[in-house]
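Structure first, commentary second.
2 protein chains.
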Amino acid sequence: MTEPAPVYASGVDHERLTAQLRFILEVDKLKRILRRNLLVDGSRRENDAEHSWHLALTARVFAEYAPQGTDIEHVVELLLVHDIVEIDAGDTFVYDTRMSASQAERERVAADRIFALLPKDQATYARGLWEEFEARLTPEARFAKAIDRLAPMLANWHTDGGTWVQYGVTKDQVLEKVRIIAEGSEALGSYATALIEDADRRGYFSRK
Amino acid sequence: MTEPAPVYASGVDHERLTAQLRFILEVDKLKRILRRNLLVDGSRRENDAEHSWHLALTARVFAEYAPQGTDIEHVVELLLVHDIVEIDAGDTFVYDTRMSASQAERERVAADRIFALLPKDQATYARGLWEEFEARLTPEARFAKAIDRLAPMLANWHTDGGTWVQYGVTKDQVLEKVRIIAEGSEALGSYATALIEDADRRGYFSRK
Ligand SMILES: [Ca+2]
């Protein structure tokens, strides 16, 4: 772990600021956690930090497709922290069933460590955001998850099938993820369905 | 420019969604715009997209150091879009006075092109966010800019002086940036001052 500079700022609670800095420095590591999907131009794999930025911005642009009453600023908050546990747990490819089995436990242990770096009140709040995202019990969490599932589909479509082709993913497997999108946003679910039909016509899915 | 998939989603305004997708795909390029500073672990240069994510999260963690009444969710919004113009204009190193002279004009032209990809109402709104950030006339913009100035100082301190050493930056040059931090947040200005004094003791600044 990276220890903050040993300096004292006048008029600031030193212990509290140090805990906040420890968290801020620690999450820098999210920039080195690579996802399976490529950037839209196909040049390299995407990392979790830039992915989280892209999702937060996409949520704002697509705000009108969230169910009425959805708090978009809260969606953004969820997306900013949603992948932080992957600093310890790593990115689990959504079509990797073997890794997905142990994912929940690995991510819980990671959350225990990383969010606890913050001062207690903020640690509880930030961990709550992550749990809310995972549980998908609020419209905000469902919309955030929909954006998270749609983004790699866009990247795959624009990189000749991307991870669908690379890992031999079937159309049925992808349609399961489309269902998660539709649960967060009817309009985006409809778009994802159309996109997957087109991807199927282009032969991007495995027939196995 | 990357053209969205030619697919039609039922019950969605096709033209509007296509414009939104065009913007979302275009800003993917921010992931390839490199800044001068390194990641906190020194492993490579930081890109603008992951930088924007880190700032947005840092703004939330440091919310209590913003002047009373500051709308932190608006700060986050400003930070999510603040570097998008660099897709065309490139990153301008804050201590590069030659490039800084032409920066405003290059960034204005970039804003004209990139934000205009969005549907008109959203284009106006998003461009307004960028202009607000640049003008620093609101507490939200001043706090956002403070976070933007503090982040590379943290990275430099943790990478043995980083760009300060690499480019022979003087303490006076850095103290000018500290002033911008103090204008956005008294507490963070105080912390930045202490950090720079410590960096000076460590010999990270040029004496020229
Ligand atoms: Ca993930």
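Keeping their order, the protein sequence lines are chains S and A.
Residue numbers for the first sequence follow UniProt numbering, beginning at 1 and rising by one.
Residue numbers for the second sequence follow UniProt numbering, beginning at 1 and rising by one.
We put the CB at the ideal spot given by N, CA and C, even for glycine.
I need the straight-line Cα distance from residue i to residue j, nearest angstrom please.
i	j	result
S/Phe62	A/Val165	43 Å
S/Thr124	A/Tyr204	37 Å
A/Thr170	A/Leu154	17 Å
A/Glu132	S/Phe133	31 Å
A/Ile33	S/His74	28 Å
S/Asp83	S/Lys145	11 Å
A/Thr193	S/Arg60	35 Å
A/Thr138	A/Arg149	17 Å
A/Tyr95	A/Arg35	13 Å
A/Ala135	A/Leu80	16 Å
A/Leu117	S/Arg202	27 Å
S/Gln103	A/Arg207	52 Å
S/Tyr65	A/Ile87	27 Å
S/Glu186	A/Ala126	25 Å
A/Asp28	S/Ser52	12 Å
S/Ala19	S/Lys120	9 Å
A/Pro6	A/Arg22	12 Å
residue 261 of chain S	S/Gly184	Residue coverage of chain S in this structure runs from 1 to 208, which leaves residue 261 of chain S outside it and unanswerable.
S/Ile147	A/Asp91	28 Å
S/Thr70	A/Leu39	35 Å
How is the beta strand (DSSP E) around residue i delimited, first residue to last?
i	result
S/Glu26	Element bounds for S/Glu26: not the beta strand (DSSP E) but the alpha helix (DSSP H), His14 to Glu26.
A/Arg36	Leu34 to Leu38
If you measure from the beta carbon of residue i to each beta carbon in chain S, is any gap under 8 Å?
i	result
A/Asn47	yes
A/Ala111	no
A/Arg149	no
A/Ala187	yes
A/Val27	yes
A/Tyr204	no
A/Lys31	yes
A/Val7	yes
residue 248 of chain A	It is not possible to answer for residue 248 of chain A, since the shown part of chain A is limited to 1 through 208.
Could you confirm whether any beta carbon from chain A is found closer than 8 Å to the beta carbon of residue i?
i	result
S/Leu39	yes
S/Trp164	no
S/Asp198	yes
S/Phe62	yes
S/Ile87	no
S/His82	no
S/Leu17	yes
S/Gly11	yes
S/Glu73	yes
S/Leu195	yes
S/Phe133	no
Smallest Cα separation from residue i: which of the options?
i	options	result
residue 219 of chain S	S/Asp13, S/Lys208, S/Glu46 and S/Asp91	No statement about residue 219 of chain S is possible, as the shown extent of chain S runs from 1 to 208 and does not include it.
A/Ile180	A/Phe143, A/Asp200 and A/Trp157	A/Phe143
S/Asn37	S/Val178, S/Pro119 and S/Asp160	S/Asp160
A/Leu55	A/Asp71, A/Asp121, A/Glu77 and A/Gly42	A/Glu77
A/Ala141	A/Gly168, A/Pro67 and A/Gln122	A/Pro67
A/Val174	A/Tyr8, A/Ala9 and A/Glu197	A/Glu197
A/Gln122	A/Leu188, A/Arg16, A/Asp91 and A/Glu183	A/Arg16
A/Gly42	A/Tyr191, A/Gly184 and A/Pro152	A/Pro152
Keeping to the same chain, check which residues put their C-beta closer than 7 Å to that of residue i; ignore five residues upstream and five downstream.
i	result
A/Val85	Glu107, Ala110, Ala111, Ile114 and Trp130
S/Trp157	Leu195 and Ala199
S/Gly11	none
S/Thr72	The displayed chain sequence assigns Ile, not Thr, to residue 72 of chain S. Ala59, Arg60, Ala63 and Ala66, listed in sequence order.
What are the boundary residues of the alpha helix (DSSP H) that includes residue i?
i	result
A/Arg60	Asp48 to Val61
S/Phe93	From DSSP, S/Phe93 is part of no alpha helix (DSSP H); its letter is neither H nor E.
A/Lys29	Careful: A/Lys29 lies outside any alpha helix (DSSP H) and carries neither H nor E.
S/Ser190	Glu186 to Arg201
A/Thr159	Segment: none, A/Thr159 is in no alpha helix (DSSP H) and carries neither H nor E.
S/His74	Ile72 to Val81
S/Tyr125	Lys120 to Ala135
Is any non-hydrogen atom of ligand 3 found closer than 7 Å to the C-beta of residue i, if you look at the structure I gave you?
i	result
A/Leu150	Absence of ligand 3 from the depicted structure is noted, with ligand 1 being the only ligands included.
Quick one: what's got a C-beta closer than 6 Å to residue i's C-beta in the same chain, skipping five residues either side?
i	result
S/Lys31	Asn47 and Ala49
A/Leu25	Thr2
S/Ala89	Arg106, Glu107 and Ala110
A/Ala182	Gly189
S/Lys177	Arg149
Is there a C-beta anywhere in chain B that falls below 8 Å from the one on residue i?
i	result
S/Ala56	Absent here is chain B; the protein component of the structure consists of chains S and A.
Give every residue of the same chain whose Cβ lies closer than 8 Å to the Cβ of residue i, excluding the five residues on either side of it in the sequence, and list them in chain order.
i	result
A/Phe93	Arg36, Met99, Thr163 and Tyr167
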